[in-house]
Amino acid sequence: MARIFNVVCPHCKGKFQCDYQDLRHKKIKLLCPYCQTEFDQEESPLIEE
Ligand SMILES: [Zn+2]
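Terminal number for the sequence shown in this note's numbering: 66, no gaps in between.
Laid out in structure tokens, this is it:
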């Protein structure tokens with residue numbers, strides 16, 4: 018089973034899941050599925066691992 022983490026969008030506060038292996042602690046911008054905002058995970062107000 019793939020490991021995931023939850024991230025909260027800094028723009029719309031929507032929470033969504035990302036693949037941990039592919040995205041966590043990487044310099045890749047995350048794309049919010051609700052408002053289409055791209056942001057660095059450091060900008061997220063909440064990350065649940
Ligand atoms: Zn958003």
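Backbone N, C-alpha and C fix where the C-beta goes; we use that ideal spot for every residue, glycine too.
Query, Result
"Inter-residue CB distance, residue 23 and residue 32 (contact presumed, cutoff 8 Å)", "5 Å"
"Cβ-heavy atom distance, residue 35 to ligand 1, below 6 Å", "no"
"Cβ-heavy atom distance, residue 42 to ligand 1, below 6 Å", "no"
"Own chain, CB closer than 7 Å to residue 46, minus 5 neighbours either side, in chain order", "55, 56 and 57"
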